[in-house]
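In our numbering, the protein residues as written are 72 to 138.
Below: one structure, written as structure tokens.
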């Protein structure tokens with residue numbers, strides 16, 4: 072079973088915001104991603120664009136991959 076992920080393979084954490092430059096998730100969110108229920112993953116993915124915008128991070132071009 073494939074699980075959707077916002078990962079765009081740009082795995083670097085911004086030291087100021089503690090968010091991934093590529094997807095906007097925090098390290099704890101990344102670490103538990105595969106343990107999350109589908110609804111929790113989808114809800115978090117819906118928040119990521121606004122979270123990145125609020126943090127002043129520009130999303131990296133590219134489509135999310137499937138893990």
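All C-beta atoms in this analysis are idealised placements derived from N, C-alpha and C, irrespective of residue type, glycine included.
Item	Value
For residue 84, the residue or residues it bridges with in DSSP	91
Residue 128: first and last residue of the uninterrupted alpha helix (DSSP H) it sits in	From DSSP, residue 128 is part of no alpha helix (DSSP H); its letter is neither H nor E.
9 Å Cβ cutoff met for residue 116 and residue 90	no
Of the residues 127, 96, 125 and 126, the one placed nearest residue 76, counting alpha carbons only	96
Residue 157 in three-state terms, based on DSSP	Any property of residue 157 remains undetermined from this structure, which presents the chain solely from 72 to 138.
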